[in-house]
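See below for the structure under consideration.
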Amino acid sequence: MRGNRFPKTVITLLVLISIVGAGWYFFKKYKGDNANPASGLKPRVEMGIGRISNITDSTIDLSLKLLVDNPLPFGLDIEDFSYLVKMNGVTIIENKHAELLRLEARDSTVVELPSQLKIKKLKAEGDSEAAKGEDSANYHFEGRFHLAKPFLGKDTIVLDMDKRLPLYRLPKVEIVDYDMTKFRLSKSQVVLKLKFSNQNPFPVQFEDPSYVVDLGKQKRLAEGSVKGTTKIKGKSHEIYDIPLAIDMGKILKATGQLIAKGKSLPFTLYFKSKLVSENEVFKNSDVNIIVNGELKDLETVQKNLSK
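Residue numbers (the working numbering): 21 to 327.
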């Protein structure tokens with residue numbers, strides 16, 4: 021009996037040592053420098069750009085689609101997470117997702133993140149890359165995921181990813197000229213010349229655009245709309261004549277300001293439309309753009325167009 025006990029005890033100890041060794045190996049591999057996503061031992065992220073929902077003269081509302089993959093044999097509860105997106109090293113989005121996120125064991129979860137970015141940052145970087153002939157950019161996503169319950173001594177997991185994605189550029193709307201025509205006793209018509217520029221490689225369409233123009237202190241001097249679509253090919257621009265109705269009483273008031281200020285008289289164009297494109301990012305986006313300038317700016321634009 022005593023002779024059989026020794027081998028059994030040895031075998032039991034060897035099994036226990038193997039289990040502890042395997043557990044320690046897993047622990048060190050996961051915990052080391054917060055682990056490497058490529059090792060498959062911690063969640064990883066993939067980011068895509070969803071649809072742009074609204075464009076103004078200063079901001080863009082869009083959604084980011086985030087895929088979080090959890091290869092672990094147990095689920096994780098994320099209390100909240102903060103994240104940022106960089107384009108070619110410049111931070112263009114920084115936000116926080118405050119809702120609880122459940123990552124099931126050995127499963128993937130898609131999270132849609134409503135975000136907003138400043139056009140100024142996007143335009144500066146976009147113009148710089150486009151000048152080099154680039155149609156794509158390096159995007160970097162970084163998220164700090166706060167765990168509801170600490171795991172392996174950690175209460176935060178940092179996940180990041182780098183990806184090469186298209187360099188999306190916003191269509192531009194500019195006033196380039198105007199022409200007063202069809203004067204009547206009570207009403208007249210002004211033909212506004214608008215320049216639509218599309219700097220993307222794919223075509224875009226402005227659907228049912230409407231316009232309002234303020235001149236000096238005179239609000240809603242002219243307004244109008246166009247039914248149908250205005251199509252702009254990729255990497256091109258078009259100039260369209262837009263007829264606007266003017267109330268003569270309002271234009272007489274504006275004339276007094278014009279005499280006083282001349283070509284320094286400011287104007288504002290309020291432009292609304294639905295942006296339509298075969299590209300999913302620009303599909304059915306609302307456009308609300310305000311263009312400010314002075315009458316002398318139109319003269320400068322005319323000269324540039326004639327070169």
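All C-beta atoms, glycine included, are put in the ideal place defined by N, C-alpha and C.
- For Leu142, the enclosing alpha helix (DSSP H) covers residues Ile139 to Ala151.
- Residue ranges of uninterrupted alpha helix (DSSP H) with 4 or more members are absent from the region 185-252; none lies entirely inside it.
- Ranked by how close their Cα comes to the Cα of Asp81, the residues Glu114, Val210 and Ser148 have Glu114 in first place.
- Straight through space, the alpha carbons of Leu241 and Leu86 are spaced by roughly 46 Å.
- For Asn312, the beta-bridge partners assigned by DSSP are Thr288.
- The region 293-311 makes contact with the region 70-78: 3 or more CB pairs, one atom from each, lie closer than 8 Å.
- Every beta strand (DSSP E) of 3 residues or more that sits fully in the region 68-126 is shown, in chain order, as 79-90, 96-107, 110-117 and 121-123.
- Straight through space, the alpha carbons of Ile112 and Thr129 are spaced by roughly 24 Å.
- Counted as a single uninterrupted DSSP element, the beta strand (DSSP E) harbouring Pro170 occupies residues Ser156 to Phe171.
- Cβ-Cβ distances below 7 Å link Glu99 to Leu120, His166, Leu167 and Ala168 in the same chain, with the five nearest sequence neighbours on each side left out; the list follows chain order.
- Cα atoms of Tyr260 and Ser245: separation of roughly 12 Å, rounded to the nearest angstrom.
- Judged by DSSP in its simplified three-state form, Lys62 adopts coil rather than helix or strand.
- One thing to note: Leu123 has its Cβ no nearer than 8 Å to the Cβ of Val210.
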